[in-house]
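Undergrad: Protein chains in written order, with my numbering: chain A, 1 to 519; chain B, 1001 to 1519.
Here it is, the structure, as structure tokens.
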């Protein structure tokens, strides 16, 4: 018999890199995936779903490299219900200390109709594929996609088959974000009661947020006996996204009195990874997002402020520092020294070696010269600013843009390309269009601009703007970010960064049309 | 006895203009409040909480003018537990066809400690204030703030007192966003079972989203017997916000099989008001927000697309047109005529008189000349662009900005101020800073820039940028928005718009520090 502690442990399965990365426009680069995986590993995520190895060479390589890199997390890949998918998956995850194969098939009437399988034929396929996966790997997860719309009898039947074939985790996906808490709990309870062998495996819950109830549905499933929650950072994912990791983890922590379950997550790392995922995915977090929104811990109204001063518990059920928000937002300026910068960055979750600190300090000083007050968010932008000049074939040397009410707008730009300076005069509709046209005429390319976003980092007209750019060309992807107090300069730098990464990147084959999926 | 239909009717109480407007930075102007109220009225919101009349002159005037304007919605104002607040509230709401007075007090131990009242003293105060309110108005709502953290015995006692004193609606606020669905349901069920007179009034649920469960908590309360949901558009509100109107309404519609309750909301108006609230509040909606996020109805992965083609029900539990998203995103261009524009705008929810259409058509043509393809979102931006030149004292005549890597950036600007053209050359750190400095030197003012946001309206480098600006000076508030393919020009126009509104605006007294509140 499992002891109480183990029974109350809820495993956190993060699928930011698989289901999250499937959001239209959220495609991440190889390096970004490795970086996020390593942050997930460090924060105590039990299982990282790293990708869908057969979807593309890029997905395969990401899962394989994350498997090699992982320290404590189980590394999982997704595969459809066929041997080729599962074999390819194993080739990628087998490098992990603790690998897992995840395989799935759509079991609802609507989904059975797509491959046109009878109930019996699909049951047989499930038996064969799970057996095959288990012959490769001791840790096998199986998912009946669209479980919440599958007939209960059939769901019990196929779950039993998967367990007998060796699945160690059974995941119950609410693929369309359709369920509600009571129904979510009833489904897990029914499976545990009715399916032989259910007590020997772990049930997982995988919810989507289409009706805004993913968090409550996941927690209801846990109360009914599920012991693994599938989720993503910031609730990233297709349509309205997946269950947000930060919400389920903090709800279990704050309401441990009525939900006495434990996770292994170091919650103080939540803000940092939330910011990083927002940046690499290009999916900004709204101000009023639970836990990680800019306003999640803020108070405006008079009574609240009054109450806050008397007792923060009046209106705060968690402390900002519990999720890794620095308690104070101490302003830095041009007189701040190296030690102060190091201490501040440590508070923000960045541990730097001396040579890294030296580089950051130079950029900090340059920023402090232009901006009176340097806030935490400015420093985070600085840290996340991509600069790896040694690898860059293209470097922005100078830019002068003329814009305004009398078009066309013009850009005079000098780039160093492989060390040789070249200049151009270009026009466009707006300063950004002119700037991008200038780059294009110096470095001809057919890349499509898939994303262009501007965020003000802090308040005020002298705020830094952070610009994110994502470009795609023949299946290659390049992303770039840059921050500057001049939006146009930040745009040019981000564009050049993206282009550098595009020309460096190994070819990432285009996902075949029918390969990707979300369970 | 109430008939079945009436029993299954859930009232929608929208507090976007009160609890939503309390979000730090979400302050709306008088005209914006009236516009939003009229949209809420038209979409079938049962009760509109229009503000907190005693908080400021501005709040009072907004509630009073909304009361005069409302056609079918009940108009409600908030007041604390004292006669002065309640009298002031009545002065504002009494102009409505159907007025309601809402009064509240914090009943949890933490909140009782603030005014330092014993249980008995607070009970007496509740009796007196609710009685007073009911003597003024037949429709009285009472809320025990922080109800979810109030002792059950005391909660039952004060709810009974409020009912006996004449409250017709009892609202149970989860002020700190602390509860979970089962607990939320249990609380309502307990009150209905234990409190004498509970069957004669309506229970309301008012949830905050700090742990991401506001929607599920509200619906659980309805299942337990609550018949009013308090919510806001986009889930606007302090910290992580309130229950999102669009989520509870669509969940009740989509899952009517397990939650057989009706609302009076015309769901096809959801997208339009969502966009407008996002714009006037400056709180953008994240892409992966349920129902109203840009990606809520989008699909990327191959299997999904395949499934979508075969049967949209595979991955879509609601149709985009159910929430007012046009089924197709038909692109308009410079050859599109007046009739096509009118038809397109009608699809997007804008009914225009001929003279309005003529004005919009001119601006549409100007845009189509600059931009190859004009998308739905471009048209929405066009419609929402503020232009009321007849009232404007300041008009942007021309702007030329030079920016780039060699600072300082410069702006040459000509404004017509009260009809007289004046020009200036200004510098700044970045093109936006230079532009704003130019305006400032032509129109000296001490306004603080409280918000500056840039949104790309559509994709591509020739996308329109929409800039939102909010300025505050001595308690006055001015907001401006403008769209242009040139970000810098959009910024200048938005700033000038905000300044125009600031100079026109009647003085809005600053809210007294201790007056505002959220229940």
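Idealized CB from N, CA, C, for every residue including glycine.
A quick note: this is a predicted structure, and the numbers were derived from the prediction, not measured.
What would DSSP say about residue 409 of chain A, mapped onto helix, strand or coil?
TA: Residue 409 of chain A: strand per DSSP, three-state reduction.
Undergrad: For the beta strand (DSSP E) that residue 203 of chain A lies in, which residues bound it at each end?
TA: Element bounds for residue 203 of chain A: 202-207.
Undergrad: Which residues in chain A have a C-beta closer than 9 Å to the C-beta of residue 1398 of chain B? List them in chain order.
TA: 404, 405, 406, listed in chain order.
Undergrad: Which whole-angstrom value is the C-beta distance of residue 289 of chain A and residue 1286 of chain B, which I expect to be below 8 Å?
TA: Rounded, the Cβ-Cβ distance is 7 Å, consistent with contact.
Undergrad: Can a CB atom of chain A be found closer than 9 Å to the CB of residue 1007 of chain B?
TA: So no, residue 1007 of chain B is outside the interface.
Undergrad: To be precise: take each residue of the segment 267-280 of chain A, compare its Cβ to all Cβ atoms of chain B, and keep it if any distance is under 7 Å. Which residues remain?
TA: Result list empty, no residue passes.
Undergrad: Could you compute how far the alpha carbon of residue 1373 of chain B sits from the alpha carbon of residue 1333 of chain B?
TA: Spanning the two alpha carbons is a distance of roughly 5 Å.
Undergrad: Can you tell me whether residue 1418 of chain B is buried or exposed? The criterion is at least 16 other CB atoms within 10 Å of its CB, across all chains shown.
TA: Under this definition residue 1418 of chain B is an exposed residue.
Undergrad: Count the CB pairs spanning the segment 1401-1417 of chain B and the segment 1426-1444 of chain B that are closer than 8 Å, and state whether there are at least three.
TA: The segment 1401-1417 of chain B vs the segment 1426-1444 of chain B: in contact.
Undergrad: Could you tell me the alpha carbon to alpha carbon distance between residue 158 of chain A and residue 194 of chain A, rounded to whole angstroms?
TA: The straight-line gap from Cα to Cα measures roughly 12 Å.
Undergrad: Would you mind giving the Cβ-Cβ distance between residue 188 of chain A and residue 221 of chain A, rounded to the nearest angstrom? I have them listed as a contact below 8 Å.
TA: Correct: roughly 5 Å between the Cβ atoms.
Undergrad: If you run the structure through DSSP and keep just helix, strand and coil, what is residue 1021 of chain B?
TA: Looking at residue 1021 of chain B - three-state DSSP - the assignment turns out to be coil, as it is neither helix nor strand.
Undergrad: Quick one: grab the DSSP three-state call for residue 344 of chain A.
TA: Here residue 344 of chain A sits in helix by DSSP.
Undergrad: Between the segment 1180-1199 of chain B and chain E, which residues of the former have CB atoms less than 8 Å from a CB of the latter, in chain order?
TA: Judged by its chain identifiers, the structure shown contains no chain E, and its protein chains are A and B.
Undergrad: Between the segment 238-256 of chain A and the segment 438-451 of chain A, can you find at least three pairs of beta-carbon atoms closer than 8 Å?
TA: The segment 438-451 of chain A is not in contact with the segment 238-256 of chain A.
Undergrad: To the nearest angstrom, report how far apart residue 266 of chain A and residue 406 of chain A are at their CA atoms.
TA: Distance between the alpha carbons of residue 266 of chain A and residue 406 of chain A: 54 Å.
Undergrad: Under 7 Å Cβ to Cβ from residue 223 of chain A, same chain only, skipping five residues before and after it: list those, please.
TA: The residues are 185, 259.
Undergrad: Give me the DSSP bridge partner(s) of residue 414 of chain A.
TA: Beta-bridge pairing links residue 414 of chain A to A:398, A:423.
Undergrad: In the DSSP assignment, what residue or residues form a beta bridge with residue 145 of chain A?
TA: In DSSP, residue 145 of chain A forms a bridge with A:106.
Undergrad: If you run the structure through DSSP and keep just helix, strand and coil, what is residue 1014 of chain B?
TA: Strand.
Undergrad: Please list, in chain order, all residues of the same chain as residue 1498 of chain B whose beta carbon is under 6 Å from its beta carbon, the five residues on each side excluded.
TA: Counting only Cβ-Cβ distances below 6 Å, and skipping sequence neighbours, we find 1469, 1471, 1478, 1479, 1480.
Undergrad: What residue does the beta strand (DSSP E) around residue 532 of chain A start on, and which one ends it?
TA: Residue 532 of chain A lies beyond the stretch modelled for chain A, which goes from 1 to 519, so this question has no answer here.
Undergrad: Taking residue 1017 of chain B as the reference, give the member of B:1008, B:1010, B:1492, B:1041 with the closest Cα.
TA: Selected option, being the one with the closest Cα: B:1041.
Undergrad: Rounded to whole angstroms, what is the Cα-Cα separation between residue 414 of chain A and residue 474 of chain A?
TA: Whole-angstrom Cα-Cα distance: 27 Å.
Undergrad: How about residue 1159 of chain B: is its C-beta nearer than 9 Å to some C-beta of chain A?
TA: No, its Cβ sits nowhere closer than 9 Å to a Cβ of chain A.
Undergrad: Less than 9 Å between CB atoms is the rule here; does residue 225 of chain A satisfy it with respect to chain B?
TA: No, no contact with chain B.
Undergrad: Please name the residue, chosen from B:1395, B:1426, B:1408, that lies closest to residue 1495 of chain B on a Cα-to-Cα basis.
TA: Comparing Cα positions, the closest option is B:1395.
Undergrad: Would you kindly work out how many angstroms separate the C-alpha atoms of residue 1127 of chain B and residue 1082 of chain B, rounded to a whole number?
TA: One C-alpha to the other measures close to 11 Å.
Undergrad: When we look at the beta-carbon of residue 1174 of chain B and count the other beta-carbons within 10 Å, is it buried (16 or more) or exposed?
TA: The residue is buried, with at least 16 neighbouring Cβ atoms inside 10 Å.
Undergrad: For a cutoff of 9 Å on Cβ pairs, would you count residue 1316 of chain B as touching chain A?
TA: Closer than 9 Å to some Cβ of chain A, the Cβ of residue 1316 of chain B qualifies, so yes.
Undergrad: Could you tell me the alpha carbon to alpha carbon distance between residue 1379 of chain B and residue 1143 of chain B, rounded to whole angstroms?
TA: Using only the alpha carbons, I get a separation of about 42 Å.
Undergrad: In the DSSP assignment, what are the bridge partners of residue 116 of chain A?
TA: Answer is none; residue 116 of chain A lacks a bridge partner.
Undergrad: Using a C-beta to C-beta distance shorter than 8 Å, which residues of chain B count as neighbours of residue 283 of chain A?
TA: Ordered by position in chain B, the residues that pass the 8 Å Cβ test against residue 283 of chain A are 1286, 1287, 1288.
Undergrad: Using a Cβ-Cβ distance cut-off of 9 Å, determine whether residue 366 of chain A contacts chain B.
TA: It does not: the Cβ of residue 366 of chain A has no partner Cβ on chain B nearer than 9 Å.
Undergrad: Please report whether the beta-carbon of residue 465 of chain A lies at a distance below 9 Å from any beta-carbon of chain B.
TA: Taking Cβ atoms only, chain B reaches closer than 9 Å to residue 465 of chain A, which makes this a yes.
Undergrad: Quick check on the DSSP output: the alpha helix (DSSP H) that includes residue 1464 of chain B runs from which residue to which?
TA: No alpha helix (DSSP H) holds residue 1464 of chain B; DSSP gives it neither H nor E.
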